[in-house]
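Number of protein chains: 2
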Amino acid sequence: MKSLALFIPEIRNLLTDNNYTVLKDLLKELHPADIARGVEDLEPKEQLAVFKCLSDEEAIQVFEELDLKEQSFLLDSISRERAGKVLDEMASDDRADFFSELSDETVTRLFKLMKREEVADVVQLLKYESDTAGGLMTTDYIALRENITVEAAVEAIRKRPKVEMIHYVYVVDEPGHLVGVASLHSLILAKEGTPLFEVMYPDPIRVKVDIDQEEVARTAANYDLLAVPVIEHDNRLVGIVTVDDIIDVVEKEATEDIYRMAGTVSEDDVHKKSIFRVVGLRLPWLFTCLIGGLISGNIIRFFEITLDETIALAFFTPVILGMGGNVGIQSSTIVVRGIALGYFERVQIFWVLSREMGTGLLLGAICGTLVGLMASLLQMGGEVVALAVGISMFCSLSLATFIGTIFPLIFKRINVDPAISAGPFVTTVLDITGLIIYFTLAGFLLKTLN
Amino acid sequence: MKSLALFIPEIRNLLTDNNYTVLKDLLKELHPADIARGVEDLEPKEQLAVFKCLSDEEAIQVFEELDLKEQSFLLDSISRERAGKVLDEMASDDRADFFSELSDETVTRLFKLMKREEVADVVQLLKYESDTAGGLMTTDYIALRENITVEAAVEAIRKRPKVEMIHYVYVVDEPGHLVGVASLHSLILAKEGTPLFEVMYPDPIRVKVDIDQEEVARTAANYDLLAVPVIEHDNRLVGIVTVDDIIDVVEKEATEDIYRMAGTVSEDDVHKKSIFRVVGLRLPWLFTCLIGGLISGNIIRFFEITLDETIALAFFTPVILGMGGNVGIQSSTIVVRGIALGYFERVQIFWVLSREMGTGLLLGAICGTLVGLMASLLQMGGEVVALAVGISMFCSLSLATFIGTIFPLIFKRINVDPAISAGPFVTTVLDITGLIIYFTLAGFLLKTLN
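First to last, the protein sequences are chains A and B. If you count the first sequence from 1, position 393 lands on 393 in this note's numbering, and the numbers rise without skipping. If you count the second sequence from 1, position 437 lands on 437 in this note's numbering, and the numbers rise without skipping.
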């Protein structure tokens, strides 16, 4: 694969020499997605010169892949006529995404460059939330009536050469309700004169327009679809979500979950943001952690008498806190990912909890025995301290799997993203509860057994 | 959408009544993917009865979606003839995955039921590692020569009704080298008599057979491809990877990274494994964490004199450890995800490090000041302790971003999965370094300033 990035020195030379013929040939060799990625590394003046060297079709494809900043700059810099053409002909889903980020003023200005029906399309798509099926869908699809022949259907496809997802045609009735889907392949395989309803797959898989994008992605993945038809609540077909957008959704949702689990508010392209913005995204959970840490500290202060009695207890706070946090994170991560992949839709919550509890008791028994033995062998404290450490470890790991499991499930129930629970939140809660268990138990044992 | 799970009571009744006619009608209404998911909840005897009610075509589609356990059971229970048919006609990539999990003995036995050319196909595909392009690809694709006409190409497609990814035909030269790709759509749009080389897209995006599956997924995502052609090192076309498998890869790689970050060895369907297996997967990193925690404890013991001098220092260990761990996890998560999404291929490592270091200094300055002030306000120790806590926090957060960033990059360089570093590994390292900084600094300040 060739990337424009590799050609940047060459492109700069060609631009300096005004050698646009060679530049055009060079650009023709490259994939629009590569040109788009390369364009972002060029100076504005160079971006404009490159964009001017592209054919209309290429220019539209490159434009679709660019970031908002470059898109806005180019639209303002090219001729009004070309800007109108690009906006009229770009993919309707990418176009709606672009418009959703602009100010009302800019939207009004750009609408003036466009055909009336394309403006109506943008207005229609902007009604839907960006993370729903409606926000993801394109209106570039082919819908036909069920009683036409397969040749007529193929002819209809021929007339719409620019439709992106041409591999399916959708079959609708008079009021536009979705009744079937037929692949281009099945149209070609059918005998001449066959009516569409005979080759179509009736009652196809579909999603409602206000459904969450994660569920759209899961539907496409489960049924191996190249495109998912989107309907209004009355079953009228209003758009389709294509598989390339599904991949983006799967990737974005995973990134979002991963960032949330690490306690940084997720944002696209965090690598490109300024350091101050990144600090702003990372600070909120750190403050929670800070407060939690100070509370933990005060718990130690509250138990100061115990600690003073045997300083050895302090040796084991890092291992108790560290292990509890890690076990809790493991549990909540497994539950959060299970929720994201739709696993828990078919499973009883009680069953999940009791499984994790069983795991916790087992992990607690193994690690508790181990740490108790080691404490005793390393002579980091007396036998009573070793006993207290072992039992505390057992209790705090059992509690950790419980807390790590129950919080994502509760968060899910109250419609908060469960991924948030699988990070600093769980570790902070477990730090506090772990310390309380440890010092209470140790205090009790030291008083009773010594 | 209908799921077989909802119909299970009905199906059981129909089986008891031997009412296979109604059962067959019911199954026809359902999507093969749904039947497959439902079958897993049935008893073996019922699974077999349902499978017998499916048409050959449906049976094959359902079989492809089942887990190994059900697949093996059904193959052993249905007639040898039908088993042979299912194996001969199922998708070549799913078939290779199935065979890769069987014992040599079973493979030999099943091969006897199959056509010779299909056996050869399995043997060929089993040569490739499962997480490479070769392990992911199917050999069900259409390859044509460049000088045939578009009608002949369409005719060739008609003759292969079972090929799954029919939306592209691949153009190869005499020795089988990939020279182009044409969409079914472009074949239909072209005038009669047009030779294939005029409508094909020459020199298409492709991947080598031994490339990692993550890179295959990234290629498909970047270029919005429905299928990625796979070549041997001499450019001979040997298979294609279809987009439904790409979605699975994106999802699996994200799950794997997420589990690794949480310090549990990743395994498919962790939710279905026995508790003992899950404990086994989770214990290894916990042991590391255990050792790390005990080392941390010994560090406190080493500094015991200091601790004894001012017990107040112990109050702040939780906040120092917790904050360092969280900041480190944030940094390594951002870096790990950046690596997974291919972001760092275009960026200098030095640049990444200096960005994260800048972030760390800023986070450290803010949180260090804050915790110092709070320590002083809450009167959890004297002014010197507050100063020591603030400065230690600043140092340990700055170090945390450095360590959190450098480890994934080093791991990547030495070909270890960087995701491993973004979990218990980083927190354990930071616990130890954080405590050393804190106690050394506090000891020094207490000695000097008091």
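Glycine included, C-beta positions come from ideal geometry on N, C-alpha and C. Because the structure is a prediction, the values reported are computed rather than measured.
According to DSSP, residue i sits in a beta bridge with which residue or residues?
i, result
"residue 212(B)", "132(B)"
"residue 171(B)", "144(B) and 180(B)"
"residue 207(B)", "230(B)"
"residue 343(B)", "DSSP lists no partner for residue 343(B)."
"residue 202(A)", "180(A)"
"residue 219(A)", "Its beta-bridge partners do not exist; DSSP assigns none."
"residue 408(B)", "None, per the DSSP bridge assignment."
Note the first and the last residue of the continuous alpha helix (DSSP H) segment covering residue i.
i, result
"residue 106(A)", "104-111"
"residue 54(A)", "Per DSSP, residue 54(A) belongs to no alpha helix (DSSP H) and is neither H nor E."
"residue 143(B)", "Counting along the chain, residue 143(B) falls outside any alpha helix (DSSP H), though it belongs to the beta strand (DSSP E) covering 143-145."
"residue 362(B)", "349-377"
"residue 151(A)", "150-158"
"residue 97(B)", "92-100"
"residue 69(B)", "68-77"
"residue 448(B)", "424-449"
"residue 288(A)", "275-302"
Please report the straight-line C-alpha distance between residue i and residue j, rounded to a whole angstrom.
i, j, result
"residue 220(B)", "residue 35(A)", "16 Å"
"residue 333(A)", "residue 421(A)", "9 Å"
"residue 10(A)", "residue 49(A)", "14 Å"
"residue 122(B)", "residue 330(A)", "38 Å"
"residue 196(B)", "residue 325(B)", "60 Å"
"residue 296(A)", "residue 101(A)", "44 Å"
"residue 62(A)", "residue 33(A)", "6 Å"
"residue 157(B)", "residue 184(B)", "9 Å"
"residue 300(A)", "residue 315(A)", "13 Å"
"residue 410(B)", "residue 418(B)", "8 Å"
"residue 198(B)", "residue 112(B)", "45 Å"
"residue 241(B)", "residue 218(B)", "12 Å"
"residue 58(B)", "residue 228(A)", "21 Å"
"residue 16(B)", "residue 47(B)", "13 Å"
"residue 68(A)", "residue 84(A)", "17 Å"
"residue 257(B)", "residue 341(B)", "12 Å"
"residue 203(A)", "residue 132(A)", "22 Å"
"residue 439(B)", "residue 432(B)", "11 Å"
"residue 260(A)", "residue 254(A)", "10 Å"
"residue 288(A)", "residue 428(A)", "8 Å"
"residue 92(B)", "residue 128(B)", "13 Å"
Under the rule that 16 or more other beta-carbon atoms within 10 Å means buried, what is residue i, buried or exposed?
i, result
"residue 1(B)", "Reliability fails at residue 1(B), whose pLDDT of 45 lies under 50, so the model's placement of it is uncertain and the value that follows must be treated cautiously. It counts as exposed."
"residue 344(B)", "buried"
"residue 116(B)", "exposed"
"residue 274(A)", "exposed"
"residue 449(A)", "exposed"
"residue 187(B)", "buried"
"residue 108(B)", "exposed"
"residue 437(A)", "buried"
"residue 392(B)", "buried"
"residue 264(B)", "buried"
"residue 44(A)", "exposed"
"residue 335(B)", "buried"
"residue 175(A)", "exposed"
"residue 244(A)", "buried"
"residue 140(A)", "buried"
"residue 337(A)", "buried"
"residue 521(A)", "Absent from the structure is residue 521(A), since the part of chain A shown begins at 1 and ends at 450."
"residue 104(B)", "exposed"
Provide the residue span of the beta strand (DSSP E) that contains residue i, from first to last.
i, result
"residue 241(B)", "237-242"
"residue 20(A)", "Where residue 20(A) is concerned, there is no enclosing beta strand (DSSP E), although the alpha helix (DSSP H) it sits in stretches over 20-28."
"residue 229(A)", "227-231"
I think residue i touches residue j, with their Cβ atoms under 8 Å apart; what is that distance to the nearest whole Å?
i, j, result
"residue 249(A)", "residue 232(A)", "About 21 Å; that fails the 8 Å criterion."
"residue 498(B)", "residue 388(B)", "The structure shown does not extend to residue 498(B), since chain B spans only 1 to 450, so no value can be given for it."
"residue 321(A)", "residue 385(A)", "Actually they do not touch by this definition, with Cβ atoms about 17 Å apart."
"residue 142(B)", "residue 160(B)", "6 Å"
"residue 397(A)", "residue 364(A)", "4 Å"
"residue 8(A)", "residue 51(A)", "No, residue 8(A) and residue 51(A) are not in contact; Cβ-Cβ is about 15 Å, not under 8 Å."
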